[in-house]
Amino acid sequence: MNLALLVDHRPVAARFTGRLLESCGYRVVLVPSLDRAVEEARRHVPGVVLCYADLARAEKFPVLRRLRQLLGSHGRVLLLLPAPSRAAAAAAPPAGADDVLREPLTREKLLAALPPVTAGESGLPARLRFWGVRGSIPTPGRSTVRYGGNTSCVEVRAGPEILILDAGTGLRMLGRHLREEFGDRPLSLTILLTHTHWDHIQGLPFFAPLYEPRHRVRILGCKGARRGLRTVLNHQMESPFFPVGLPDLPANVTIEEFPGSTFTLGPVRVTVTRANHPGLCVGYRLTVGNRSLVYLPDNEPHGRKHRLQRHSGAPPSHDTAFVEQADAQLTEFCRGAEVLILDAQYDCQEYQQRVGWGHGCVDDAVGLALAAGVRRLFLFHHDPDHDDAQIDALTAHARALVKAQGGRLHVAAAREGRELVWAPAAGLR
Numbered sequence: 271m272n273l274a275l276l277v278d279h280r281p282v283a284a285r286f287t288g289r290l291l292e293s294c295g296y297r298v299v300l301v302p303s304l305d306r307a308v309e310e311a312r313r314h315v316p317g318v319v320l321c322y323a324d325l326a327r328a329e330k331f332p333v334l335r336r337l338r339q340l341l342g343s344h345g346r347v348l349l350l351l352p353a354p355s356r357a358a359a360a361a362a363p364p365a366g367a368d369d370v371l372r373e374p375l376t377r378e379k380l381l382a383a384l385p386p387v388t389a390g391e392s393g394l395p396a397r398l399r400f401w402g403v404r405g406s407i408p409t410p411g412r413s414t415v416r417y418g419g420n421t422s423c424v425e426v427r428a429g430p431e432i433l434i435l436d437a438g439t440g441l442r443m444l445g446r447h448l449r450e451e452f453g454d455r456p457l458s459l460t461i462l463l464t465h466t467h468w469d470h471i472q473g474l475p476f477f478a479p480l481y482e483p484r485h486r487v488r489i490l491g492c493k494g495a496r497r498g499l500r501t502v503l504n505h506q507m508e509s510p511f512f513p514v515g516l517p518d519l520p521a522n523v524t525i526e527e528f529p530g531s532t533f534t535l536g537p538v539r540v541t542v543t544r545a546n547h548p549g550l551c552v553g554y555r556l557t558v559g560n561r562s563l564v565y566l567p568d569n570e571p572h573g574r575k576h577r578l579q580r581h582s583g584a585p586p587s588h589d590t591a592f593v594e595q596a597d598a599q600l601t602e603f604c605r606g607a608e609v610l611i612l613d614a615q616y617d618c619q620e621y622q623q624r625v626g627w628g629h630g631c632v633d634d635a636v637g638l639a640l641a642a643g644v645r646r647l648f649l650f651h652h653d654p655d656h657d658d659a660q661i662d663a664l665t666a667h668a669r670a671l672v673k674a675q676g677g678r679l680h681v682a683a684a685r686e687g688r689e690l691v692w693a694p695a696a697g698l699r
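To convert a position in the sequence shown, counted from 1, into our numbering, add 270.
Encoded structure:
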């Protein structure tokens, strides 16, 4: 999509315009005549067509309309005129153009008219990167430097989409990285929230793209425990908690509750499931082609909780039939995933003192991954009291459990900065 077709017969002017397009993040294909533009558009499938044309010449209207049809809803056809009159600008849409630009052309004018630059073209593999892996509260310091102390935030790129799973404190560094990578180019980003506990939303006020008017940020989540999603997110940025309110952010921000339990974002099919965690919390399954990534950062398996409650004499939260059904449904939700990012906050002994807190232990994480036939398990939502050495020990314990059961599951602890390809390029076509 980040390819521009430049239709211009003037060699010097075309070179100048081409350099401007390249500075905005586009690869440029030059076409010297409008008559060849449709053929070249079919061949290259551009995201933008920038055409030098005299709009007053009516014979060009059918060509522009055809280009508009070829580009579809995500592309733009722009006309570049020496001095467009009001009549020319008003006639642009019927002629098949989305906008008219006036020479002399500047980078600022071009950026304002171009569609947002996306993460890549559809031929790129889907990949993920961990920006925050800690649970409950950030834990910076020497003892957590290897795995990281930021709270939940995972970046997923698939074709043209940049998806962000949760907005914990790791979101701040992701925002800085996006600014370094894309510069002044406009971006379209989607944030998927599992729930609105602080450790999953505290990065939002510090996310750099929210302070740039050229960016579009869409935030999706469930309604929340008591109030709508927009109300909850607004509240954490109201005075006296924060000096800038969410409605005052310069970016084009939309906040939406899920359109359903399954929806699509570009090449990604998103499926939502309910997690067992205080309040209203969900998990996601992202599918690209025939590969899936499951993200369940906060979840307490029903089975172990039920057994411990019965053993202690406490009244069980649910009956046995419900427990068995709920755990079986979660196993099916994770079935065959390439990657499972799963709550593994405690060891078994720690969990016994924290029953009902909404988090799981490493043994249950391994058990779920093995039962679901997952290929890779990432232990996630590390306890704030666990240093790097303790996370190493939990990872070694998890691998020993897999080996003892003869499994082929790959287990690792999620670590800030780790990047992984989880679906090949072929899966995006």
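C-beta: ideal position from N, C-alpha, C; glycine also.
- A contact between stretches requires three or more CB pairs, one per stretch, nearer than 8 Å, and the segment 467-484 meets this requirement with the segment 428-439.
- Bounds of the alpha helix (DSSP H) holding Gly445 are 440-452.
- When the Cα atoms are used, Leu381 and Asp634 turn out to be separated by approximately 50 Å.
- Take Arg645, set aside five residues on each side of it, and the residues of its chain with a beta-carbon closer than 6 Å to its own are Glu608, in chain order.
- Collapsing the DSSP output to three states places Glu608 in coil.
- Counting C-beta pairs closer than 8 Å gives fewer than three between the segment 650-670 and the segment 366-375, which falls short of the contact rule.
- For Phe533, the enclosing beta strand (DSSP E) has its first and last residue at 532-535.
- Between Phe528 and Val564 the beta-carbon gap is near 17 Å, outside 8 Å, which marks them as no contact.
- Contact annotation: the segment 612-628 does not touch the segment 588-595, with fewer than three C-beta pairs closer than 8 Å.
- According to the DSSP assignment, Phe648 belongs to the beta strand (DSSP E) that extends over 646-650.
- The closest CA to that of Leu459, considering only Arg484, Pro510, His467, is found on Arg484.
- In the DSSP annotation of this structure, Asp662 is not part of any beta strand (DSSP E); the continuous alpha helix (DSSP H) holding it starts and ends at 658-674.
- DSSP places Asp369 in the strand class (E or B) of the three-state scheme.
- Beta-bridge pairing by DSSP links Asp613 to Phe650.
- By the neighbour-count criterion, in which 16 or more other beta carbons inside 10 Å mark a residue as buried, Trp401 falls on the buried side.
- When secondary structure is reduced to three states using DSSP, Cys618 falls in the helix class.
- Val347 sits away from Val308, with the two beta carbons spaced by 9 Å or more.
- Contact between His651 and Gly405 holds, with the beta-carbon distance rounding to 4 Å and staying under 8 Å.
- Arg500 and Glu310 have their C-alpha atoms some 44 Å from each other.
- Short of 7 Å from the beta carbon of His314, and not among the five residues preceding or following it, lie these beta carbons of its own chain, in chain order: Leu273, Leu275, Val299.
- DSSP places Glu570 outside both helix and strand once states are collapsed to three, so it counts as coil.
- Taking Asp657 as the centre and dropping the five residues before and after it, the same chain places the C-beta of Ser413, Thr414 closer than 7 Å to its C-beta, in chain order.
- Contact check for Val318 against Leu375 fails: the beta carbons are separated by 9 Å or more.
- By the C-beta density criterion, Pro456 is buried, having at least 16 other C-beta atoms within 10 angstroms.
- About 10 Å separates the beta carbons of Leu679 and Ala641, which is beyond the 8 Å limit, so they are not a contact pair.
- For Leu300, there is no enclosing alpha helix (DSSP H); the enclosing beta strand (DSSP E) has its first and last residue at 297-301.
- Distances from the alpha-carbon of Arg539 to those of Leu519, Leu647, Arg427 put Arg427 closest.
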